[in-house]
């Protein structure tokens with residue numbers, strides 16, 4: 019073959035590569051065509067063999083040519099396109115398995131479009147925890163101390179079989195002090211409590227199984243259950259939490275494989291499950307052989323009233339899987355939660371944890387353990403609890419000051435959330451559009467119900483993320499928006 | 019009722035509580051018995067009503083007594099025990115659902131018992147990456163800088179819909195420089211590459227589905243597939259990687275729903291998939307409508323030879339899900355990996371990520387992005403690559419020096435692992451017991467095969483975790499152990 023080469027216009031192997039590439043792309047060397055051997059072409063072109071080898075290697079790594087064992091180098095066919103495919107809006111075609119995956123995983127409702135300019139910076143009553151209260155610098159110091167003390171080992175995987183025994187021991191002591199007697203071996207560390215929920219689902223449930231949930235409930239728990247193709251069976255919530263006296267017929271009819279409950283400061287309603295109902299729920303779960311998943315995401319953030327015993331505390335053994343987290347009580351960004359389980363399920367959940375993400379960062383775990391052992395966690399909890407309590411009071415005062423009496427609210431005894439019922443005729447989704455323009459954000463109730471329409475008259479406010487002044491401003495703006503949306 | 023009280027022996031409400039507790043436990047107040055009202059008892063005992071209320075509250079929070087709407091306070095039945103249960107070795111009874119869970123999730127083989135004393139500190143050829151090379155302090159400085167610059171916000175959840183766009187942008191650029199053209203929107207950040215594998219399984223597969231894997235393969239991928247109840251279809255591996263020319267009959271017979279492959283420095287064999295086989299595999303996956311999960315866990319750790327194009331690079335679009343990680347190339351403790359996917363599956367995987375653990379720590383993500391943008395990651399990669407390359411050479415030299423020629427090894431061109439075939443008649447499991455006594459640890463081949471027995475003549479050595487001197491010592495000890503195990 020003839021290839022004009024000019025040493026002055028750049029490296030020879032590039033010139034050979036480019037000219038061969040053109041000839042292949044123009045079809046002068048069709049798929050299957052055999053190229054001359056490197057020795058042969060080197061002689062023809064009067065260049066060294068290594069030059070030709072480099073040119074061939076470039077073309078090969080681009081998938082244009084390839085060797086066939088012992089029989090030289092050939093032009094390869096372009097990668098065939100999938101026949102059975104699907105076109106998306108952009109006209110792009112996807113393989114059939116992607117269509118099938120989409121059918122198995124229908125997309126959720128789309129988010130709101132961003133607002134244009136010219137609107138006040140919103141007072142945001144969504145989100146979780148106030149970064150202004152995070153002990154970020156103290157935690158950084160603690161991480162630095164851990165690296166100085168433990169060395170870079172803590173940036174490895176750590177022991178996969180037994181993650182951070184010292185932190186598990188500290189957590190077990192904390193729970194035991196709250197009357198939940200347990201040992202470090204019964205504690206499994208997770209990437210936030212969300213992973214604990216996911217592990218329980220992966221270990222115990224399969225597509226199509228039914229789960230009994232409070233209705234309304236935590237939106238990301240609902241999203242998890244929906245994403246895994248589980249059937250949601252809802253139980254109403256009143257001022258005393260889940261209406262347990264209503265569930266027996268549901269257990270008989272739907273045979274749920276799991277009961278998911280937030281007995282303390284239920285998200286979104288803020289309700290606490292009465293002691294009597296806790297015992298009824300445990301007895302029913304026991305009778306119908308259904309595990310209880312107890313999500314105590316903010317149990318230590320109590321501002322008034324007396325704590326009821328955790329359902330886990332009443333568990334004679336292995337009935338309740340208890341889940342806790344440091345996201346709300348310390349900082350979400352640590353991504354550390356835990357679950358407490360006894361019996362065969364404990365080891366099963368531990369295996370699911372390992373295969374799901376191997377381990378949670380030993381650096382974060384060790385730092386958290388140190389943070390707790392020197393009392394900084396407890397100090398933060400007291401400080402945050404006082405601040406959040408004041409903010410709750412500020413919210414209740416602002417609501418009395420700015421909102422009509424037709425807006426109903428149960429004062430939450432703790433946690434982060436207040437649940438408002440709007441006057442008849444107000445639609446929370448429409449109110450949110452109005453509120454965004456007025457400069458205040460909240461979570462519309464529809465996000466928390468199995469049937470979103472049930473939530474149209476409710477909104478959830480996270481009072482913990484805002485200062486009293488911000489709260490007063492935000493509620494004043496909410497009042498505006500409410501007026502503007504009156505029918 | 020009469021309760022003897024003595025103000026000198028402690029708070030009155032405690033005395034009332036303790037005496038009532040005894041009477042209930044002795045059965046003098048059986049379950050269902052009605053207690054006197056607080057007013058009534060206060061009068062009888064001549065104490066304030068609040069004192070009695072406090073006593074009742076303590077008993078209630080211990081689950082001994084409870085109110086019934088509008089009708090006073092009653093003694094509660096003890097929490098009933100589950101009838102249908104199972105006893106474990108300790109004689110403890112568990113609910114039936116735990117037995118069922120155990121049946122669905124059979125336990126894996128148990129670990130080796132720890133050695134007694136009197137053995138040399140082992141040279142450990144297991145594990146991943148050498149902490150002595152981790153840039154731990156530099157990364158701490160980077161995290162501190164991120165907190166100074168971004169504030170405590172980075173210890174929140176961050177935006178769940180769009181995690182750390184700047185890091186995804188940096189990763190997309192890195193991949194594009196390697197010929198894998200992509201944008202940040204196609205990158206999903208994960209808690210290590212293990213989570214990426216798990217997300218793909220949760221989104222695409224269900225219990226009983228078949229997965230085509232290299233045999234041997236990465237032990238934690240096999241553990242994941244087994245834990246999720248998937249059927250493993252193995253393909254032999256030779257010096258050119260997965261024997262792709264053997265898979266078509268397997269695709270026809272077992273109709274796998276996923277092909278999992280490590281084309282670069284395959285774990286455990288260290289083999290690299292030839293360019294020709296990469297193209298064949300893609301064409302076959304395309305023809306049979308099967309997604310390819312390409313795990314490039316250590317693609318940038320190459321010490322010699324020319325890189326073949328990633329399968330993803332040859333993908334016309336949406337056929338291949340590409341997975342990368344910073345665990346092997348930087349530090350496992352960051353728990354950051356990523357996947358690259360186009361088409362409908364991208365959004366599905368993003369939703370599974372959110373419901374699985376909401377988010378990966380924004381602090382770690384931002385710090386990693388900063389670490390890369392100032393070139394520290396690339397510098398570490400060069401430094402680690404040079405060190406690991408030297409260690410590979412040291413391993414090959416030590417093997418020549420100490421081991422009999424009957425031990426066969428293919429020199430790996432990169433990665434962390436060397437795969438040794440033992441002389442006929444040597445059992446790797448027995449050798450490991452001997453080796454532990456001689457002071458050297460390795461991963462026996464049985465961990466990596468679908469049928470563990472197939473691995474009895476193989477062992478995997480991680481040469482990257484040990485210095486040349488440690489390697490020479492370790493291989494000398496391995497030679498001892500080998501002699502001691504000769505039949």
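Chains as they are written, first to last, in the numbering used here: chain A, 19 to 505; chain B, 19 to 505. Cβ coordinates follow ideal geometry from the N, Cα and C atoms, glycine included.
Would you identify the three-state DSSP class for residue i, choosing helix, strand or coil?
i                      : result
residue 407 of chain A : helix
residue 486 of chain B : helix
residue 343 of chain B : strand
residue 155 of chain B : helix
residue 103 of chain B : Residue confidence for residue 103 of chain B is low, a pLDDT of 49 falling below 50, so the modelled location carries little weight; the figure read from the coordinates is stated next. Correct three-state label for residue 103 of chain B: strand.
residue 243 of chain A : helix
residue 168 of chain A : helix
residue 27 of chain A  : helix
residue 98 of chain A  : With a pLDDT of 36 at residue 98 of chain A, under the threshold of 50, the modelled position of that residue is not reliable, and the figure given next carries that caveat. Reduced to three states, the DSSP call for residue 98 of chain A is coil.
residue 37 of chain B  : helix
residue 312 of chain A : strand
residue 501 of chain A : helix
residue 287 of chain B : coil
residue 417 of chain B : helix
residue 493 of chain A : helix
residue 192 of chain A : helix
residue 233 of chain B : strand
residue 256 of chain B : strand
residue 218 of chain B : helix
residue 323 of chain A : coil
residue 462 of chain A : strand
residue 208 of chain B : strand
What residues of chain B sit near residue i, judged by a beta carbon separation below 8 Å?
i                      : result
residue 325 of chain A : 79
As a quick exercise: from the options, pick the residue whose alpha carbon is nearest that of residue i.
i                      : options                    : result
residue 217 of chain A : A:339, A:162, A:138, A:264 : A:339
residue 458 of chain B : B:53, B:27, B:38, B:143    : B:143
residue 210 of chain A : B:211, B:376, B:278, B:52  : B:376
residue 157 of chain A : A:418, A:66, A:432, A:383  : A:383
residue 257 of chain A : A:93, A:51, A:428          : A:428
residue 167 of chain B : A:154, A:438, A:255        : A:154
residue 295 of chain B : A:502, A:29, A:45, A:94    : A:94
residue 29 of chain A  : A:58, A:180, A:68          : A:68
residue 389 of chain B : B:372, B:152, B:287        : B:152
residue 299 of chain B : B:280, B:493, B:72, B:449  : B:280
residue 140 of chain B : B:504, B:450, B:505        : B:450
residue 306 of chain A : A:349, A:266, A:498        : A:266
Going along chain B in order, which residues have a C-beta closer than 7 Å to the C-beta of residue i?
i                      : result
residue 248 of chain A : The premise fails here: residue 248 of chain A is roughly 11 Å from chain B at the closest Cβ pair, so nothing lies under 7 Å.
residue 2 of chain A   : With chain A covering 19 to 505 only, the question about residue 2 of chain A has no answer from this structure.
Can you pull the chain A neighbours of residue i, defined as C-beta to C-beta under 9 Å?
i                      : result
residue 338 of chain B : Result: empty, since nearest Cβ-Cβ is about 10 Å, beyond 9 Å.
Which residues in chain A sit within 8 Å of residue i, going by Cβ to Cβ distance?
i                      : result
residue 146 of chain B : 174, 175
residue 480 of chain B : The premise fails here: residue 480 of chain B is roughly 12 Å from chain A at the closest Cβ pair, so nothing lies under 8 Å.
residue 152 of chain B : 170, 173, 174
Taking 9 Å as the CB-CB limit, is residue i close to chain D?
i                      : result
residue 111 of chain B : Among the chains of the structure shown, chain D does not appear; the protein chains present are A and B.
Classify residue i as buried or exposed, calling it buried when 16 or more other Cβ atoms lie within 10 Å of its own Cβ.
i                      : result
residue 398 of chain A : buried
residue 22 of chain A  : exposed
residue 138 of chain A : exposed
residue 392 of chain A : exposed
residue 471 of chain A : exposed
residue 424 of chain B : exposed
residue 487 of chain A : exposed
Listing by chain order, which chain A residues have their CB less than 7 Å from the CB of residue i?
i                      : result
residue 70 of chain B  : Within chain A, no residue comes near residue 70 of chain B; the closest Cβ sits about 15 Å away, beyond 7 Å.
residue 370 of chain B : 245
residue 257 of chain B : Ordered by position in chain A, no residue passes the 7 Å Cβ test against residue 257 of chain B, which lies about 12 Å from the chain.
Closer than 8 Å, Cβ to Cβ, to anything on chain A: give me those residues from the stretch 156 to 173 of chain B, in chain order. 157, 158, 161, 162, 165, 169, 170, 171, 172, 173
What residues in the stretch 378 to 394 of chain B bring their beta carbon closer than 8 Å to a beta carbon of chain A? 378, 379, 380, 381, 382
Proximal residues, the stretch 280 to 300 of chain B versus chain A, C-beta separation under 9 Å: Cβ contacts with chain A come from 292, 293, 294, 296, 297, 300.
Select from the stretch 233 to 244 of chain A all residues with a C-beta closer than 9 Å to any C-beta belonging to chain B, and list them in chain order. 238, 239, 241, 242, 243, 244
Using a Cβ-Cβ cutoff of 7 Å, what residues of the stretch 199 to 233 of chain A are near chain B? List them in chain order. Among the residues of the stretch 199 to 233 of chain A, those with a Cβ less than 7 Å away from any Cβ of chain B are 209, 210, 212, 213, 216, 221, 222, 224, 225, in the order of the chain.
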